[in-house]
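Protein chains in written order, with the numbering used here: chain S, 963 to 1026; chain C, 290 to 660. Idealized CB from N, CA, C, for every residue including glycine. Since the structure is predicted, the reported quantities are computational estimates derived from the model, not experimental observations. Taking it in order: structure first as structure tokens, then the write-up.
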Amino acid sequence: MFKNCTVKYNQFISGINDSVIITYPADENGMAKTLCVPMDENNADYAEILKQVKEGTLTIQDAD
Amino acid sequence: MSKAAELANLIGNINAGGGTSGRNLIVNGAMNVAQRGTSFPTAANAAYTLDQFRYGQSNDGEITITQDSSAPDGFAKSLKVDVTTADTSIAAGQYADIFARIEAINLQILKFGTSDAQNFTLSFYVKSNKTGTYAVTIGQSDNSFKQAVLNYTINSANTWERKSLTFTGDTAGVIDDNDDRGFEILWWLAAGSTYTGGSATGAFATYADANHAAGQAVNLLDSTDNEWFLTGVQLEVGQNATEFEHEPFEKSLHKCKRYYQKLTDSYALHGQICTGHYSNSSQFQGVIKFVPQMRVAPSLSHTTTSSNNTSSAYYVARDGANDYVDALAFYNSNRATTLIYSTSGTSGTQGVGANLAVQSTITEIAALAEL
Chain S
963 MFKNCTVKYN
973 QFISGINDSV
983 IITYPADENG
993 MAKTLCVPMD
1003 ENNADYAEIL
1013 KQVKEGTLTI
1023 QDAD
Chain C
290 MSKAAELANL
300 IGNINAGGGT
310 SGRNLIVNGA
320 MNVAQRGTSF
330 PTAANAAYTL
340 DQFRYGQSND
350 GEITITQDSS
360 APDGFAKSLK
370 VDVTTADTSI
380 AAGQYADIFA
390 RIEAINLQIL
400 KFGTSDAQNF
410 TLSFYVKSNK
420 TGTYAVTIGQ
430 SDNSFKQAVL
440 NYTINSANTW
450 ERKSLTFTGD
460 TAGVIDDNDD
470 RGFEILWWLA
480 AGSTYTGGSA
490 TGAFATYADA
500 NHAAGQAVNL
510 LDSTDNEWFL
520 TGVQLEVGQN
530 ATEFEHEPFE
540 KSLHKCKRYY
550 QKLTDSYALH
560 GQICTGHYSN
570 SSQFQGVIKF
580 VPQMRVAPSL
590 SHTTTSSNNT
600 SSAYYVARDG
610 ANDYVDALAF
620 YNSNRATTLI
630 YSTSGTSGTQ
640 GVGANLAVQS
650 TITEIAALAE
660 L
């Protein structure tokens, strides 16, 4: 589901991760899609991220 | 079906705990709502298509899903699957399906996990040039994907047929009373031998690969000539299929927005997203209210483009100038509201009011709380 994506924590308040930013590869026109996922386990996107991290198929990069 | 028989079915379902209004537990069963668009070429695994309906796949073919105007009497729309690249030989572990999910809180009427668990009936209209036997699976997520599987047959090519499948209430499989996934309904289009060798039954049982698509005999993907259409999907309490419960478009749309909301209805220049202000010189902030409230705290899904000003996806109009931005994020998103803010690209004056809008044509800016 997040193949070839960049996956990175995001911080609104410095030092506190509050969401995960998933950046999909751009298409031939330079258009891409970004998903900002709240760190809420009821959110299906975040649940999928946690599942893939647990399976070892996804790593979340530190926030900028 | 005669009116007398229809009435008898309805009364039977009412006696079983169903209702005359609001009895359809499927959202967007008439395929009228398509917030993401009406055409989904080369749909990937788990791709969202028409609202509430998705494509699951692992195969060597490709399909395009569209909202189509072909429909049985009384309907205007259907979901169409068009095979664009054939896979004539589905490997053992490969598959293709259309699936929809139902929120657990809406399934409490079935009384699963009690001695009074209710039978329920799934009905739908289907059409295909590819006749033969297909499987439908209902997975129950709260019990390690317990499943029930039944078959239907498309008897006549290119003809709308209504199918009705009655499943047995599960006295042993509680569906949690929450906003998580309750049912997952899969209409199989193709399935390899790993999933078809078992037996189909309308009673829920522990998940087994061999039963997952038991009885699926058709490989819809075997030719680019193949098409498959679905509409009029209804799941209701009781052992009889009653007439499809049509509802106003705005009611279907309202239900869909619990799971997916566009932040503007115009994905072209000047499509307005929200008003807000500069919290500091480099950050625009706005507040978005979700109507209706969403299922859970939503994600933000949005198109981005390259970083030069003329092709940025969005602009922030402030005191006499525009800032051009691509990078947006939600903060403290919850069912009712969220803060949306620019993570880079803005350079205004703290405290100045501004509005966020679409700059170049985009394909999406939306809040997602799908199951």
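Report the residue from S488/C, L339/C and A336/C whose alpha carbon sits nearest the alpha carbon of N500/C.
-> It is S488/C.
Write down every uninterrupted run of the beta strand (DSSP E) in the region 422–447 of chain C whose length is 3 residues or greater and which is fully enclosed by it, in chain order.
-> 435–443
Compare the C-beta of A332/C with all C-beta atoms of chain S and state if any pair is closer than 8 Å.
-> no
When burial is assigned at 16 or more other CB atoms within 10 Å of the CB, is T403/C buried or exposed?
-> exposed
Under the three-state reduction of DSSP, which class applies to K400/C: helix, strand or coil?
-> coil
Name, in chain order, the residues that DSSP records as bridge partners for I391/C.
-> Answer is F472/C.
Beta-carbon proximity of L628/C to Q574/C, cut-off 8 Å = yes
Beta bridge counterpart(s) of D371/C as assigned by DSSP = T353/C and E516/C
So what does DSSP say about A494/C, is it helix, strand or coil?
-> strand
Cutoff 7 Å; reference C545/C; Cβ partners in own chain excluding five residues on either side = V316, N317, V322, Q324, D340 and Q341
Is the Cβ of E653/C closer than 8 Å to any Cβ of chain S?
-> yes
For chain S, is any of its Cβ atoms less than 8 Å away from the one on N598/C?
-> Residue confidence is low: N598/C scores 49 on pLDDT, short of 50, so the model does not pin down where it sits. No coordinate-derived value is stated.
Between M1001/S and the rest of its own chain, which residues show a CB-CB distance below 8 Å, the 5 nearest in sequence each way excluded?
-> N979, D980, S981, V982 and Y1008
Buried/exposed call for A381/C, threshold 16 Cβ in 10 Å = exposed
Report yes or no: is there a C-beta of chain S within less than 8 Å of the C-beta of H591/C?
-> Interface flag for H591/C against chain S is set, since a Cβ pair is found closer than 8 Å.
Anything in chain C within Cβ reach of I983/S, meaning under 9 Å, just list it in chain order.
-> A616, A618 and T632
Any idea what DSSP makes of S596/C, helix, strand or coil?
-> Here the model assigns S596/C a pLDDT of 49, short of 50, so the residue's position is not dependable, and the following value carries that caveat. Correct three-state label for S596/C: coil.
Near F533/C, what residues of its chain come up, given a Cβ to Cβ distance below 6 Å and the 5 sequence neighbours on each side ignored?
-> G521 and Q523
Contact list for V585/C against chain B, beta-carbon separation under 7 Å | No chain B appears in this structure, whose protein chains are S and C.
Within 8 Å (strictly less), CB to CB, does V1015/S reach chain C?
-> No, V1015/S does not count as interfacial toward chain C.
Is it true that the CB of Q505/C sits closer than 8 Å to the CB of T490/C?
-> no
Anything in chain C within Cβ reach of V969/S, meaning under 8 Å, just list it in chain order.
-> Residues of chain C passing the Cβ test: none, with the nearest at roughly 13 Å.
Does any residue of chain S bring its CB to less than 8 Å from the CB of E659/C?
-> With respect to chain S, the C-beta atom of E659/C has a partner C-beta closer than 8 Å.
Using a threshold of 8 Å, state whether the C-beta atoms of W517/C and S633/C are closer than that.
-> no
Determine, using beta carbons only, whether D1024/S comes closer than 8 Å to chain C.
-> no
Within-8 Å CB hit, L1020/S to chain C | No, L1020/S does not count as interfacial toward chain C.
How is the alpha helix (DSSP H) around T483/C delimited, first residue to last?
-> S482 to T485
Which residues in the same chain as T327/C place their Cβ atom closer than 7 Å to its Cβ, once the five residues preceding and following it in sequence are excluded?
-> Correct list, in chain order: T355 and Q356.
Buried or exposed: D362/C, going by 16 or more other Cβ atoms within 10 Å of its Cβ?
-> Around the CB of D362/C, fewer than 16 other CB atoms lie within 10 Å, so the residue is classed as exposed.
With a cut-off of 8 Å, does the C-beta of A335/C fall near any C-beta of chain S?
-> yes
Using DSSP with H/G/I as helix, E/B as strand and the rest coil, what is Q1014/S?
-> Q1014/S carries a helical assignment under DSSP once its states are collapsed to helix, strand and coil.
In the structure shown, what three-state DSSP assignment does G301/C receive?
-> In the three-state scheme derived from DSSP, where H, G and I count as helix and E and B as strand, G301/C is classed as helix.
Own chain residues within Cβ distance below 8 Å of C967/S, not counting five before or after = Cβ neighbours of C967/S beyond the five flanking positions: I984, T985, Y986 and P987.
Where N298/C and D459/C are concerned, what is the direct C-alpha to C-alpha distance, given to the nearest angstrom?
-> 21 Å
Close beta carbons around Y337/C, own chain, < 6 Å, minus the five adjacent residues each side = R325 and R343
Just to confirm, are L645/C and V585/C a CB contact at a threshold of 8 Å?
-> Cβ distance not < 8 Å, so L645/C and V585/C don't count as in contact.
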